[in-house]
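Those protein sequences? They're chains A and B, same order as listed.
Using my numbering, you'd call the opening residue of the first sequence number 1 and step up by one each time.
Using my numbering, you'd call the opening residue of the second sequence number 152 and step up by one each time.
Structure, as structure tokens:
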Amino acid sequence: MLNHLRDEGRRVLLCTVSSDSHTWNLVFLQLLLEEHGHDVTNLGSCTPDDLVVARCLSDRPDLLVISTVNGHGHADGKRLITKLRREPALRTLPVVIGGKLGIAGAADVDRAGELVEAGFDAVFAEGADLSGFNRFVSTARERRSLEGAAP
Amino acid sequence: MTGFATFVRAAHAAGHLVVQPRMGFSDPALMRAGLVATRRAHATTVGTVTLDSYTRVGDYAAVLAAAAEGTPLNGYPIVTTDDATTRHVLSDSARHGFPVQVRHGSPLPGDIVDALVALGLDATEGGPVSYCLPYSRVPLRESVTAWSRSVEAFAAAPGEPHLESFGGCMLGQLCPPSLLIALTILEGLFFRRRGIASLSLSFTQQTSAEQDAEALHALRRIAADLLHDVDHHIVVYAYMGVHPRTEAGSLALLADAARLAVRGGAARLIVKTPAEAHRIPTIAENVSSLEHAAAVARTVGPEEPAVEDSGVEAEARTLIAAVLDLHEDVGEALVRAFSAGVLDVPYCLHADNAGRSRAHVDGSGRLRWSAVGSMPIARSDQDLRPVTSGALLGYLHRVEQRYDHPVLTDGTPAAVLS
């Protein structure tokens, strides 16, 4: 069943947001991604925005996966993606965020659109289907530059 | 609010388990009310002031900004609040001689310890490893240096300053007991070396009642050998992992923690509330959990039932000896031990943890090593196997499912499922 996803391993940078000290989500995702043949660099808890930007620039991953469960994902994620997209070299990097992104439960789902608008390629809110995530990781390609992105 | 150590010692001698909440509110009036309600609970209690996470990381600007906006924090900001306000928060406790412990989670505790000593508080907790590796990005060596200074300052405070090691709770779950015991004992030795004469050693309830009982027995024996010259007691933490979704399941889990604590010779229990899985619990919910745990504890005889010996004690002693061999100073020995992988916390992502150990839950519910990295632990071939993402999820939810399952299948009314 997993075979069709194994055809191409990607180099994945995995992190969370600066205020989030949870790590079991990161441990789980690393195992999951490795089982699908991807090469994962896990930056651990409370990843500062500047560290994530710097590692994206130095490591040049195929994909950045941000996982957060402390309920600050909307605010922290929006700030982080804005900083990432400000870097000319990172405008087309596929970036996905997922987890428990807000503290309002179902009402947070509507806010996924805001995150996409801010520059994320995909948003997987709490309860999302893992196979959709796996498919995204295996197939995501460089996005087109953001329309109207700065100079 | 003085005499934390004396209070716990007297309660233990009288056969009463001390129960304690994890309470912390940024609103001073609420924090004060929480301490009053804890004191008045129908249980032998000590009070808790848990600090907020901005104070934990030293981001005082964020504390002040939240205060200006009127945004509540997830704990009491003891460093930035003026002394008169905090003294009022603590005044009822002070008047009644009610002990209060400050809980924080900081790898760099200098400001926090200075603040609580200035306020005349005599109990706090943490440790150079247990507050660094699980939640922070601070290098272990920096944490050891900062904790050395703070422990010395705290030890010089008036009265009988009491310091608890959080080392028996690393990552909250999926850490085999021998390593938890080794870490809390090593942090206890670190505290003693820096002048602390009264300390507590922690251990968290995990996936197997039998294994937890064996571990507490081992912890008591090792503490009696290595820390016999300081006042010490054992504190048990009610399960810290993914909690049952049902109230009945959650209360049954807490009841088992109370039984474990009494039978295992612990003097103190840190409770959890059913609400904690979803949000910060109210004062009333905290009191209800304290009273539930105390009621269960009163029904349990103090005598320890016979425990199995599956090798937890021997493994813990081997780890401790291997670390102490690395350097005469426990702090330096701990830094070297993690650097060499002699200590290696499973699933801990901190850059100073080797990250080559793994653990799993076996068919009987016991935690076992799947990989030991460079730790001086005997390997059993049947255990050594890779942990998959699916298996990890199963381990993380094992307790939740075990405690919820009987409730969901025996026709319990839906009202308790809210």
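We treat Cβ as the ideally placed atom computed from N, Cα and C, and that holds for glycine.
Pairwise C-alpha distance: residue j and residue i
i: B:Thr231; j: A:Arg135; result: 48 Å
i: A:Leu93; j: A:Leu26; result: 20 Å
i: B:Ala213; j: A:Glu35; result: 40 Å
i: A:Ser18; j: B:His167; result: 43 Å
i: A:Leu64; j: B:Phe489; result: 29 Å
i: B:Arg549; j: B:Arg238; result: 44 Å
i: B:Glu466; j: B:Ile528; result: 7 Å
i: B:Tyr211; j: A:Thr139; result: 43 Å
i: A:Leu115; j: A:Asp121; result: 9 Å
i: B:Ile434; j: B:Arg396; result: 20 Å
i: B:Arg449; j: B:Glu276; result: 27 Å
i: B:Asp513; j: B:Glu361; result: 13 Å
i: B:Arg173; j: B:Ile431; result: 10 Å
i: B:His163; j: B:Val280; result: 28 Å
i: B:Pro557; j: B:Leu405; result: 16 Å
i: B:Leu241; j: B:Gly339; result: 28 Å
i: A:Asp49; j: B:Asp178; result: 30 Å
i: B:Asp203; j: A:Glu8; result: 44 Å
i: B:His443; j: B:Glu398; result: 12 Å
i: B:Ala165; j: B:Ala188; result: 23 Å
i: B:Leu425; j: B:Leu402; result: The residue you asked about is not Leu; residue 425 of chain B is Pro in the sequence shown. If I take the Cα positions, the gap works out to 7 Å.
i: B:Ala192; j: B:Arg183; result: 14 Å
i: B:Ala484; j: A:Ser131; result: 45 Å
i: B:Pro564; j: B:Gly516; result: For B:Pro564, the predicted structure reports a pLDDT of 38, less than 50, and the residue's modelled location is therefore unreliable. A value from the coordinates is still provided. Taking the straight line from one Cα to the other gives about 28 Å.
i: B:Val169; j: A:Ala128; result: 43 Å
i: A:Ile66; j: B:Cys326; result: 25 Å
i: B:Ser301; j: B:Ala180; result: 29 Å
i: B:Asn504; j: B:Leu284; result: 7 Å
i: A:Val52; j: A:Ser21; result: 15 Å
i: B:His247; j: B:Ala217; result: 32 Å
Residues that residue i contacts on chain D, provided the C-beta gap is smaller than 7 Å
i: B:His501; result: Of the protein chains in the structure, A and B, none is chain D.
CB of residue i within 8 Å of CB of residue j, strictly
i: B:Ala161; j: B:Glu311; result: no
i: B:Asp480; j: B:Leu411; result: no
i: B:Ser299; j: B:Arg343; result: no
i: B:Tyr282; j: B:Gly261; result: no
i: A:Val29; j: A:Leu14; result: Looking at the sequence provided, one finds Leu at residue 29 of chain A rather than Val. Yes, the Cβ-Cβ distance between A:Leu29 and A:Leu14 is below 8 Å.
i: B:Ser589; j: B:His379; result: Any answer about residue 589 of chain B is impossible in this case: the structure gives chain B only from 152 up to 569.
i: B:Val493; j: B:Leu475; result: no
i: B:Arg507; j: B:Ser525; result: yes
i: B:Val386; j: B:Ala366; result: no
i: B:Leu314; j: B:Ser244; result: no
i: A:Thr23; j: A:Thr68; result: no
i: B:Ala297; j: B:Leu322; result: no
i: B:Arg643; j: B:Val451; result: Residue 643 of chain B lies beyond the residue range present for chain B, which begins at 152 and ends at 569; the question has no answer from this structure.
i: B:Ala235; j: B:Val268; result: no
i: B:Tyr227; j: B:Gly175; result: yes
From the options, residue whose alpha carbon lies closest to that of residue i
i: A:Glu126; options: A:Leu101, A:Leu90, A:Glu87, A:Gly119; result: A:Leu101
i: B:Val393; options: B:Asp407, B:Ala360, B:Gln324; result: B:Gln324
i: B:Val447; options: B:Val289, B:Pro456, B:Val422, B:Leu330; result: B:Val422
i: B:Ala428; options: B:Thr450, B:Glu459, B:Pro453, B:Tyr390; result: B:Tyr390
i: B:Asp495; options: B:Gly482, B:Ala510, B:Pro395; result: B:Ala510
i: A:Arg11; options: A:Arg111, A:Ala128, A:Val95; result: A:Val95
i: B:Arg583; options: B:Ala184, B:Thr355, B:Ala188; result: Missing from the structure shown is residue 583 of chain B; chain B here goes from 152 to 569 and no further.
i: B:Thr201; options: B:Ala216, B:Asn225, B:Asp233; result: B:Asn225
i: B:Tyr546; options: B:Ala522, B:Pro537, B:Leu518; result: B:Leu518
i: A:Gly119; options: A:Val69, A:Thr47, A:Ile97; result: A:Ile97
i: B:Val381; options: B:Ser349, B:Arg371, B:Thr358, B:Ala403; result: B:Ser349
i: A:Thr41; options: B:Arg553, B:His501, B:Arg530; result: B:His501
i: A:Glu142; options: A:Pro61, A:Val52, A:Asp39; result: A:Pro61
i: B:Ala473; options: B:Val463, B:Arg487, B:Gly462; result: B:Arg487
i: B:Arg207; options: B:Ala235, B:Ala184, B:Ala375, B:Tyr286; result: B:Tyr286
i: B:Pro456; options: B:His368, B:Ala491, B:Ile471; result: B:His368
i: B:Phe305; options: B:Ile347, B:Leu291, B:Ser294, B:Ser329; result: B:Ile347
**OP:** Quick one: which residues of the region 539–560 of chain B get their C-beta closer than 8 Å to a C-beta of chain A? List them in chain order.
**Re:** Thr539, Ser540, Leu543, Leu544, Leu547
Original post:
Taking three-plus beta-carbon pairs below 8 Å as touching, is the region 430–447 of chain B in contact with the region 193–210 of chain B?
Top reply: yes
Subject >> Inter-stretch contact (C-beta, 8 Å, three-pair minimum) for the region 82–97 of chain A and the region 48–57 of chain A >> reply: yes
**OP:** Give the residues from the region 24–35 of chain A that approach chain B closer than 9 Å (Cβ to any Cβ), ordered along the chain.
**Re:** Trp24, Leu26, Val27, Phe28, Leu29, Gln30, Leu31, Leu32, Leu33, Glu34, Glu35
Original post:
Would you call the region 244–263 of chain B and the region 271–279 of chain B in contact, with 3 or more CB pairs under 8 Å?
Top reply: yes
Subject >> the region 330–339 of chain B contacting the region 304–318 of chain B, beta-carbon criterion three pairs below 8 Å >> reply: yes
Original post:
Just by C-beta distance, which residues in the region 261–293 of chain B are closer than 8 Å to chain A?
Top reply: Pro285, Tyr286, Ser287, Arg288
Subject >> Where the region 474–501 of chain B meets chain A: residues whose CB sits under 8 Å from a CB there >> reply: Tyr498, Cys499, Leu500, His501
Original post:
Relative to chain B, which residues along the region 54–69 of chain A have a C-beta separation below 8 Å, given in chain order?
Top reply: none
**OP:** Give the residues from the region 10–21 of chain A that approach chain B closer than 7 Å (Cβ to any Cβ), ordered along the chain.
**Re:** Ser21
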